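This report concerns only the one structure given below.
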Amino acid sequence: MPSVKMYLPPAGRSRRGFVKKGLFGGALLAIGGGLGFLGARNPVLVPLPREGLMTFDHLEYSVIHAIALRMIPYRTGFPAVEEVRVAFNADRVLQRADEGSRTELKRLIHLLENGVTNLLFGGRPEAFTRLSPEAQDQVLRDWQNSRLEVRRTGFQALRTLVLAAYYASPLSWKAVGYGGPPPGFHQKDAPVWKGGGVPRPAGNGVFAEGSE
Amino acid sequence: VNQGRIYTGDELEANKVVDCDVCVIGSGSGGAWLAHELVTQGLNVVMLEEGGYFTKRDFDLTESTAYPTLYQDLGNRTTEDLSISILQGRNVGGGTTVNWCSSFRTPKRILDLWRERHGVEGLDEKTLEPHFAAVERRLRIKEWPADRMNRNNQVLWDGLGKLGYARGLIKRNVHNCANIGYCGMGCPIDAKQSMGVTLIPDAVEKGLTVFANTSARTLQLDGRKATAVQCEVFDPRRDAPSGRKLTVRAKATALCCGAINSPALLLRSGVDGGGQVGKRTFLHPVVVMAAMFEEPIQAFAGAPQSVYSHHFADRGTDRMGFFIEAAPVHPMLAATALTGFGTSHQDLLEKLPFLHASIALTIDGLHPEEEGGTVELRDEGYGRIKINYPLTERHFEAFRVACKEMAKVQFAAGAKKVISLHYDPVTMTSAAEVAKLDAARWEKLRVRVMTAHQMGGCAMGKDPETSVVSSQLKVHDYDNLFVVDGSVFPTSLGVNPQETIFALARWGAQHVKAAV
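Chains A and B, in that order, are what the protein sequence lines are. Just so you know, the first sequence maps onto residues -18 to 193 in this note's numbering. Just so you know, the second sequence maps onto residues 33 to 548 in this note's numbering.
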């Protein structure tokens, strides 16, 4: 089981501002927030994790899974996103973010999924999870290269969340030729010195005159 | 002398009021040296640190542990628009726990500029010399031997040499370093002479009291005096307020929270310095070039930074200079920093061991037009800070030139392919193709920009109209309130900042002591 300790998207705590980049950005987020009922129809949902979800709802979890499949497609040597449990890892790590950031990320996920916004930007009026892999790639590329800063920012937030949730996992290390931390260095039982009259243990940080 | 004590948030079971001579807020490069000097001179000092107290016991050398535990905003601090990722430490020891050990004295031209343009007095090479000497001795700062250089730095060294560009070996604050390359995740053998294993325990032995997991929320002010620091204690298991409060009543108070959190604390306390607090924030904005080699580079192994080039540090008055170093490449940082997605992204990641990374750090704030960024408070949310940093034409000109020069260096060292970190990456297979970078889109959020150096925001200077603290580091209009960290720099440095902050704090201790 991969660790659930995970890196957050750079969207993290400071993403708030990107929703306020003018009226258009605000309108986009309003759609993401639920007004775009047309586009929210018929999502493709994936099975929920047996442990349940802490941050995402079923749809959000499914959208993150769909993004992960495009960010890290099935490939020999790379463990599948299902095996690494990317959407699950992302759910757990977002728990540690503040409420405002979580809300914004959820809106962003709904915005990507929403068929109305896809239509608005020249795509098909279908939910992201329902598009073919090629069409999903195109939507992601449109976000990545958009002339609208708010979409480029949103793309980065989602991309980082998903990639970090995959590549922070030791399961991914073999695929990238990384052997992991060298053994024998981490001292998980090392005593913790806090002073209070206890003699400071010897170590590399201690400096004695003439020790050079 | 009675030994002091490091308390963690879980040890504070009731609200508490503490009296002392000096309250030092922050435990990084500034706070640790300042506190050490003051306790050495017999003062009763309390240090506050919002982050946790982590030691080699906690450093398991994985990115998934290190970033959320040891860095600000769980490793995700960014500018408001996400155009610049900001790596900044948050723990007992601050940035020194996680930085890459590079140590430089302040360049003379920077000290001259501060004096001539910003009215800084009494801070020259001669004054700082004994402080640099003491810092270098205590922290065993020495040039990293060329024969221990890792391949990632060797590439840079070779390429710079072939092009005849100025190059040098970096000095590092390490002792008995095993050269494994995990400095950014906390040193597992205390070889890195970070504040958490050197100056802070030295000072605790001399009586320093440290409260970790303790967030200074506001300064209590009365006329020209800071009378108390109001703090919230965090539960270390949740890294969230425990409900307990700590109040520190001190004869003098020093903010050492770094260039983003120090101005934020002043602003939370209603001190805006006539609008100067949180202005002129400088970041050494960094662009990266990745290069693929036929032979393994293993840029995740070995001392992360041991080679530098200041060849382009001074590009004349009209253009922003930059300096070049190498960067370690661990999987998660590489995956998120490298651009693109899908198959092309996997193609790059699959060759991680063959990847070299050079970085160019732009030297911002030297030209009068370069006003840097801003730090502001948010209306809502717990302690959230708004950081804005406009990237201008001057930045993008420097980024473009820097990326071209890094590509040339990488090809000169034998790179088979060089890739920019544009969202739409520019890929080159020979030095003849570096001009392709001229056609790339040099705009924000179209190319990755990051920083690990935060400076400014409480600028030092003579004129209260244009600065926040005096040349004695005292906040204008207050008699016993100081800022002692990188936020007092009136400009960026043009070198990695830790050693300047060490020396500045050691020198500045006399001024803080004089206010007690």
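The beta-carbon is built from N, C-alpha and C at its ideal position, and this holds for glycine as well. This one's a predicted model, so the numbers in the text were calculated from it and none came from an experiment.
Span of the alpha helix (DSSP H) around residue i
i	result
residue 263 of chain B	Looking at the DSSP string, residue 263 of chain B is not in any alpha helix (DSSP H); the run it does join, the beta strand (DSSP E), is 257 to 267.
residue 388 of chain B	Careful: residue 388 of chain B lies outside any alpha helix (DSSP H), inside the beta strand (DSSP E) at 387 to 394.
residue 70 of chain B	61 to 72
residue 51 of chain B	Run containing residue 51 of chain B: none in the alpha helix (DSSP H); it sits in the beta strand (DSSP E), 48 to 57.
residue 63 of chain A	62 to 65
residue 378 of chain B	375 to 382
residue 102 of chain B	95 to 102
residue 368 of chain B	363 to 369
Enclosing beta strand (DSSP E) for residue i [first to last residue]
i	result
residue 418 of chain B	417 to 420
residue 537 of chain B	Here residue 537 of chain B belongs to no beta strand (DSSP E); instead the alpha helix (DSSP H) covers 530 to 546.
residue 80 of chain B	77 to 80
residue 311 of chain B	311 to 314
residue 212 of chain B	Careful: residue 212 of chain B lies outside any beta strand (DSSP E) and carries neither H nor E.
residue 251 of chain B	246 to 254
residue 191 of chain B	From DSSP, residue 191 of chain B is part of no beta strand (DSSP E) but of the alpha helix (DSSP H) over 183 to 195.
Identified DSSP bridge partners for residue i
i	result
residue 427 of chain B	Beta-bridge pairing links residue 427 of chain B to no other residue.
residue 273 of chain B	B/266
residue 38 of chain A	Paired residues: none, contrary to the question.
residue 165 of chain A	Answer is none; residue 165 of chain A lacks a bridge partner.
residue 324 of chain B	B/387, B/449
residue 205 of chain B	B/173
residue 241 of chain B	B/37, B/78
residue 44 of chain A	Its beta-bridge partners do not exist; DSSP assigns none.
residue 403 of chain B	Beta-bridge pairing links residue 403 of chain B to no other residue.
residue 56 of chain A	A/59
residue 135 of chain B	B/203
residue 357 of chain B	B/340, B/391
residue 280 of chain B	B/50, B/261
residue 468 of chain B	Residue 468 of chain B is not bridged to any residue.
Pair within 8 Å by beta-carbon distance, residue i and residue j
i	j	result
residue 60 of chain B	residue 353 of chain B	no
residue 218 of chain B	residue 78 of chain B	no
residue 226 of chain B	residue 173 of chain B	no
residue 58 of chain B	residue 287 of chain B	yes
residue 548 of chain B	residue 516 of chain B	no
residue 51 of chain B	residue 312 of chain B	no
residue 520 of chain B	residue 309 of chain B	no
residue 95 of chain B	residue 362 of chain B	yes
residue 211 of chain B	residue 183 of chain B	no
residue 137 of chain A	residue 114 of chain B	yes
residue 13 of chain B	residue 86 of chain B	Here chain B covers residues 33 to 548 and nothing more, so residue 13 of chain B does not appear.
residue 39 of chain B	residue 261 of chain B	no
residue 173 of chain A	residue 111 of chain A	no
residue 360 of chain B	residue 386 of chain B	no
residue 61 of chain A	residue 117 of chain A	no
residue 350 of chain B	residue 524 of chain B	no
residue 214 of chain B	residue 162 of chain A	yes
residue 496 of chain B	residue 348 of chain B	no
residue 237 of chain B	residue 538 of chain B	no
residue 463 of chain B	residue 191 of chain B	no
residue 479 of chain B	residue 508 of chain B	no
residue 52 of chain A	residue 41 of chain B	no
residue 44 of chain A	residue 86 of chain A	no
residue 248 of chain B	residue 512 of chain B	no
residue 401 of chain B	residue 432 of chain B	no
residue 166 of chain A	residue 220 of chain B	yes
residue 74 of chain A	residue 153 of chain A	no
Cβ neighbour criterion (16 or more within 10 Å) applied to residue i
i	result
residue 10 of chain A	The pLDDT assigned to residue 10 of chain A is 49, lower than 50, so where the model puts this residue is not dependable; a value taken from the coordinates is nonetheless given after this. With 16 or more other Cβ atoms within 10 Å, it is buried.
residue 39 of chain A	exposed
residue 364 of chain B	buried
residue 3 of chain A	Reliability fails at residue 3 of chain A, whose pLDDT of 32 lies under 50, so the model's placement of it is uncertain and no value is given.
residue 33 of chain B	exposed
residue 239 of chain B	buried
residue 180 of chain A	exposed
residue 134 of chain A	buried
residue 185 of chain B	buried
residue 49 of chain B	exposed
residue 105 of chain B	buried
Any non-hydrogen atom of the ligand GDP closer than 7 Å to residue i Cβ
i	result
residue 511 of chain B	Absence of the ligand GDP is noted for the structure shown, with no ligands found whatsoever.
Item checked: Completely contained beta strand (DSSP E) runs for the region 144 to 177 of chain B, where each covers 3 or more residues -> 173 to 175
Notebook entry, point to check: Residue ranges of each alpha helix (DSSP H) run of no fewer than 4 residues wholly in the region 74 to 150 of chain A, ordered along the chain?
Noted result: 80 to 94, 96 to 101, 114 to 125, 130 to 148
Margin query: To be precise: take each residue of the region 36 to 62 of chain B, compare its Cβ to all Cβ atoms of chain C, and keep it if any distance is under 7 Å. Which residues remain?
Written below: Absent from the structure is chain C; the protein chains it does hold are A and B.
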